[in-house]
Amino acid sequence: MPWATYSAAIRQALEEEMRRDPSVFVLGEDVGVMGGVFGVTEGLLAHFGAQRVLDTPISENGIVGAALGAAMVGMRPVVEIMFGDFLGCAGDQIINQVAKARYMSGGKARVSMVIRVTTGAPGAAAAQHSQSPEAWFLNVPGLKIAAPATPYDAKGLLKTAIRGEDPVIFFEHKRLYATKGELPDEEVTVPFGVARVARSGDDLTIVAISGMLPLALEAAEVLSTEGISCEVIDPRTLVPLDNSSIIRSVRKTGRVLIAYEGHQRGGVGAELAALIAEEALEYLDAPVKRVAARNVPIPYAPEMERFVLPSTQDIITAARALVLS
Amino acid sequence: MGFDVELGLEWYRQMVLIRQFELRAIEERKKGLIPGFIHPYIGQEACAVGACAALAPDDVITSTHRGHGHLIAKGGDVRRMMAELAGRQTGYCGGKGGSLHMTDFELGILGANGIVAGGIPMAVGAALAFQLRGDRSSQGGLRVALAFFGDGATNQGAFHEALNLAGLWRLPVVFFCENNLYGEGTPQHKQAPITRLSQRAASYAMPGVTVDGNDVEAVYQATCQAVQRARAGDGPTFIEGLTYRYRGHYEGDPQVYRSRDEVAQWEARDPIPRWRQALLAQGVLPATLDDVERHVAALLEEAVALARSSPPPRPEDALEGVYGDTHDGRVF
Ligand SMILES: Cc1ncc(C[n+]2csc(CCOP(=O)(O)OP(=O)(O)O)c2C)c(N)n1
Chain A
13 MPWATYSAAI RQALEEEMRR DPSVFVLGED VGVMGGVFGV TEGLLAHFGA
63 QRVLDTPISE NGIVGAALGA AMVGMRPVVE IMFGDFLGCA GDQIINQVAK
113 ARYMSGGKAR VSMVIRVTTG APGAAAAQHS QSPEAWFLNV PGLKIAAPAT
163 PYDAKGLLKT AIRGEDPVIF FEHKRLYATK GELPDEEVTV PFGVARVARS
213 GDDLTIVAIS GMLPLALEAA EVLSTEGISC EVIDPRTLVP LDNSSIIRSV
263 RKTGRVLIAY EGHQRGGVGA ELAALIAEEA LEYLDAPVKR VAARNVPIPY
313 APEMERFVLP STQDIITAAR ALVLS
Chain B
2 MGFDVELGLE WYRQMVLIRQ FELRAIEERK KGLIPGFIHP YIGQEACAVG
52 ACAALAPDDV ITSTHRGHGH LIAKGGDVRR MMAELAGRQT GYCGGKGGSL
102 HMTDFELGIL GANGIVAGGI PMAVGAALAF QLRGDRSSQG GLRVALAFFG
152 DGATNQGAFH EALNLAGLWR LPVVFFCENN LYGEGTPQHK QAPITRLSQR
202 AASYAMPGVT VDGNDVEAVY QATCQAVQRA RAGDGPTFIE GLTYRYRGHY
252 EGDPQVYRSR DEVAQWEARD PIPRWRQALL AQGVLPATLD DVERHVAALL
302 EEAVALARSS PPPRPEDALE GVYGDTHDGR VF
């Protein structure tokens with residue numbers, strides 16, 4: 013099977029959907045001439061022209077709001093926001109407008125739009141360029157949230173997102189852009205709300221979100237040499253969430269660790285832990301464990317940053333403790 | 002042109018210090034001393050130096066992602082700056098901030114910023130406090146806040162909301178826009194339907210002036226007028242300084258969006274050789290200027306030496322400084 017990078021997979025999805033549907037267009041800061049600060053939209057301007065690949069001013073709230081308006085009258089915009097941190101600047105449009113437009117209008121508004129945005133710490137980028145803000149939006153009904161970890165899922169989920177009826181925040185992890193994976197030449201779509209078992213095992217379930225997937229798989233490999241068999245689950249979308257796959261795995265293994273790069277408190281792990289407590293408490297042989305960023309802003313100096321961010325070693329240590337308990 | 006030669010020499014020193022600091026930081030980053038990205042200020046030195054020269058030590062500034070020049074012009078210690086870039090304990094923020102978040106409250110530097118336009122409302126808030134409390138400047142009149150920002154930032158909602166507040170409440174604030182013609186890779190004329198950004202001032206009932214941002218004296222004069230207005234309680238001013246950045250948006254930027262020719266045209270208007278010429282024309286001896294350069298070089302050696310020799314922060318230091326009241330650690 014052919015291989016592609018995560019970044020190329022996303023570009024393919026955009027290209028194919030733009031070719032397929034003239035109502036799809038791309039807008040964002042430096043997405044045209046520059047091809048995006050992470051190079052994801054490279055070549056799209058040359059291919060589709062300035063009517064469909066719009067370089068915008070630095071106006072996140074305006075851009076997201078404009079995408080909403082365009083969606084309301086039938087377009088399918090794909091907005092790029094450079095850093096998840098800057099979603100804060102577009103917060104009002106996302107939270108008060110985009111998320112609620114369909115509901116408040118009694119179902120009249122169709123908000124088919126995607127906000128592509130980067131997440132995660134690229135290293136020494138400090139507190140306003142390193143956040144993993146997925147959880148900020150878990151608490152906002154009306155938004156769908158995708159967090160793919162492989163090229164295949166990135167392409168397949170993005171295509172589903174673009175074709176869908178609802179607004180999607182599509183988180184792309186910066187450290188994954190250069191990673192490679194299998195990607196067939198034929199059409200790829202991945203449904204929302206279906207988790208993927210990335211590795212099967214019996215002793216412990218690791219639910220790994222976004223950029224934590226490669227770390228979890230690495231940890232699982234190390235743990236297997238110690239006789240600990242891990243099942244690694246990637247939910248792929250956080251809203252909708254594939255509850256049943258997670259619960260099924262936890263019922264099998266009796267132990268669960270949730271790995272995510274966002275801050276621990278009120279994070280994705282809190283929601284998953286609550287779900288597991290509600291639906292699988294009696295199957296648990298050990299408390300639910302979260303491996304996440306410490307509850308401080310991400311510091312600049314690498315020594316402190318490494319201490320704050322969750323690592324492969326943190327997963328291994330936590331997993332050992334869970335299995336021995 | 003008649004200017005105070007002592008003052009002129011000080012401006013020269015600051016501009017050279019900024020330029021050399023940036024060049025040295027770029028070099029040290031390549032060598033591995035500096036782990037993070039930097040957005041070099043090279044080419045825009047006359048804006049920071051001319052504007053800050055019009056401020057008193059007790060006035061405050063807010064800065065941007067391209068902030069090293071602003072900090073140095075407001076009196077920032079290049080040793081602590083270099084140490085911060087290296088992520089060391091002795092750095093301005095103890096290694097927590099890096100290039101994007103350097104701050105020195107004692108010098109009235111309320112911080113660089115990673116968010117485009119993030120500092121503009123902050124400057125308005127400081128000016129509001131000065132007005133509410135009637136804070137007097139050491140130079141007489143009200144204390145003043147000055148916000149530095151780029152042309153790209155004038156397209157943010159935060160910019161417009163901040164200017165509206167300042168105009169409405171006639172706050173002692175100066176908005177200093179460094180129009181370097183680009184926001185990352187997008188030219189200014191593709192980001193806004195106007196190119197003379199000082200026109201933006203009109204909707205907020207404040208004067209808007211455009212100056213040659215590569216002429217340190219012109220920047221100084223324009224900012225002095227704005228500061229006088231602010232001190233007198235007559236409200237804000239918007240200044241647009243026309244300038245150019247000679248390096249990429251960030252160090253390593255391939256700069257596909259502009260031509261070598263365009264950069265060369267602007268290099269011919271480099272603010273530093275220009276000011277050197279002006280000083281020589283006033284009778285300053287070349288040897289005096291060479292001395293300034295030697296002094297700057299020595300200071301930067303010290304800065305790099307401090308950065309190299311300072312210990313990195315301890316990993317656990319990351320847990321400190323999130324809150325003022327930590328409730329015996331329960332807050333974590
Ligand atoms: C809210 C926000 N959006 C986008 C960015 C990414 N970004 C950093 S600098 C920059 C360009 C800023 O242009 P301008 O204000 O003209 O300042 P200059 O870089 O030219 O000094 C952009 C888009 C950011 N840091 N913050």
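Taken in order, these protein sequences are the chains called A and B.
So the first sequence is numbered by my numbering: it starts at 13 and just counts up by one.
So the second sequence is numbered by my numbering: it starts at 2 and just counts up by one.
Note that the Cβ used here is the ideal one computed from N, Cα and C, for glycine as well.
Practice task
Quick one: list the residues of chain A neighbouring B/L166, beta-carbon separation under 7 Å, in chain order.
Solution key: What B/L166 touches in chain A: nothing, since even the nearest Cβ is about 17 Å away.
Can you give me the C-alpha to C-alpha distance between A/M46 and A/E54, rounded to a whole angstrom?
7 Å
Members of the stretch 148 to 165 of chain B that neighbour chain A once the beta carbon cut-off is set at 7 Å: G153, A154, N156, Q157 and G158
- For the alpha helix (DSSP H) containing B/V264, list its first residue and its last residue. Segment R261 to E268, the alpha helix (DSSP H) holding B/V264.
To the nearest angstrom, how far is it from the Cα of A/L169 to the Cα of B/E185? 29 Å
Here's the rule I'm using: 16 or more other beta-carbon atoms within 10 Å means buried, otherwise exposed. How should A/E317 be labelled?
buried
With distances taken Cα to Cα, identify the nearest neighbour of A/A21 among A/M94, A/Q105 and A/E198.
A/E198
Are any of the Cβ atoms in chain B nearer than 8 Å to that of A/D67? A/D67 counts as touching chain B.
In chain B, what lies closer than 7 Å to A/Q140 by C-beta? L101, G115 and I116
Which of the residues in the stretch 299 to 321 of chain B, read from start to end, lie with their CB under 9 Å from any CB of chain A? Listed in sequence order: P313, P314, R315, P316, E317, D318, A319, L320 and E321.
If you measure from the beta carbon of A/A189 to each beta carbon in chain B, is any gap under 8 Å?
Correcting the residue type first, residue 189 of chain A is Tyr in the shown sequence and not Ala. Closer than 8 Å: no.
field: Rounded straight-line distance, which links the Cα of A/A113 to that of A/V76
entry: 13 Å
Against chain B: residues of the stretch 55 to 89 of chain A by CB proximity under 9 Å: D67, T68, P69, I70, S71, E72, N73 and G74
Let me make sure I understand the geometry here. Which of A/H275, A/Y312 and A/I258 has the alpha-carbon closest to that of A/E290?
The candidate whose alpha carbon is nearest that of A/E290 is A/I258.
> If B/V212 and B/A223 are in contact, beta carbons under 8 Å, what's the gap, nearest whole angstrom?
Replying inline: 5 Å
Residue span of the beta strand (DSSP E) that contains A/P89, given as start and end: R88 to I93
Report task. Please decide whether A/Y312 counts as near chain B, where near means a Cβ-Cβ distance under 8 Å. Result -> Output row for A/Y312: interface = yes.
Can B/V217 be considered in contact with ligand 3, in the sense that its beta carbon sits closer than 7 Å to one or more heavy atoms? Within the structure as shown, ligand 3 is missing, the only ligands being ligand 1.
**Q.** Minimum Cβ-Cβ distance from B/T63 to chain A less than 8 Å
**A.** Chain A contact via Cβ: absent.
message: Which runs of the alpha helix (DSSP H) at least 4 residues long sit entirely within the stretch 272 to 305 of chain B? Give them in chain order.
response: Along the length of the stretch 272 to 305 of chain B, whole alpha helix (DSSP H) runs at least 4 residues long occupy 272 to 282, reported in chain order.
*asked:* Residues of the stretch 232 to 266 of chain B in Cβ contact with chain A at a cutoff of 8 Å, in chain order, please.
replied: V257 and Y258
Please specify which runs of the beta strand (DSSP E), each continuous and at least 3 residues long, are wholly inside the stretch 200 to 241 of chain A, giving them in chain order. Here the runs fully enclosed are 208 to 211 and 216 to 220.
Where does B/G96 land, buried or exposed, given buried means 16+ other C-beta within 10 angstroms?
-> buried
task = Take the Cβ of B/S310 as the centre, count every other Cβ of all protein chains shown within 10 Å, and call the residue buried at 16 or more, exposed below.
result = exposed
Sort out for me which residues DSSP pairs A/H185 with in a bridge. Answer by DSSP bridge pairing, in chain order: A/T131.
### Query
Name the residues in the stretch 178 to 190 of chain B whose C-beta lies less than 8 Å from a C-beta of chain A; which are they?
G184, E185, G186 and T187
Query raised in the report: Taking 8 Å as the CB-CB limit, is A/F37 close to chain B?
Result: no
Validate contact between the stretch 75 to 86 of chain B and the stretch 255 to 264 of chain B using beta carbons, cut 8 Å, 3 pairs: No, they do not touch.
Original post:
Whose C-beta lies closer than 6 Å to the C-beta of B/G249 among residues of the same chain, with five residues either side of it excluded?
Top reply: Apart from sequence neighbours up to five positions away, the residues of its chain that approach B/G249 with a beta-carbon distance below 6 Å are Q256, ordered along the chain.
Does any residue of chain A bring its CB to less than 8 Å from the CB of B/K97? Answer yes: the Cβ-Cβ gap between B/K97 and chain A drops below 8 Å somewhere.
Give, in chain order, every residue of the stretch 304 to 333 of chain A whose Cβ lies closer than 8 Å to some Cβ of chain B.
R306, N307, V308, P309, P311, Y312, A313, P314, E315, M316, E317, R318, F319 and V320
*With 8 Å as the C-beta to C-beta threshold (strictly closer), list the residues of the stretch 14 to 43 of chain A near chain B in chain order.*
E41 and D42
Note to self: Distance check for B/G120 and B/F150, CA to CA, integer angstroms please.
What the structure shows: 8 Å
Which residue from B/P58, B/A288, B/R14 and B/P122 puts its Cα closest to that of B/F176? Looking at the Cα atoms, B/P122 is the closest of the given residues.
Residues bridged to A/K301 [DSSP beta-bridge criterion] | A/L269
From what residue to what residue does the beta strand (DSSP E) around B/G209 run? G209 to D213
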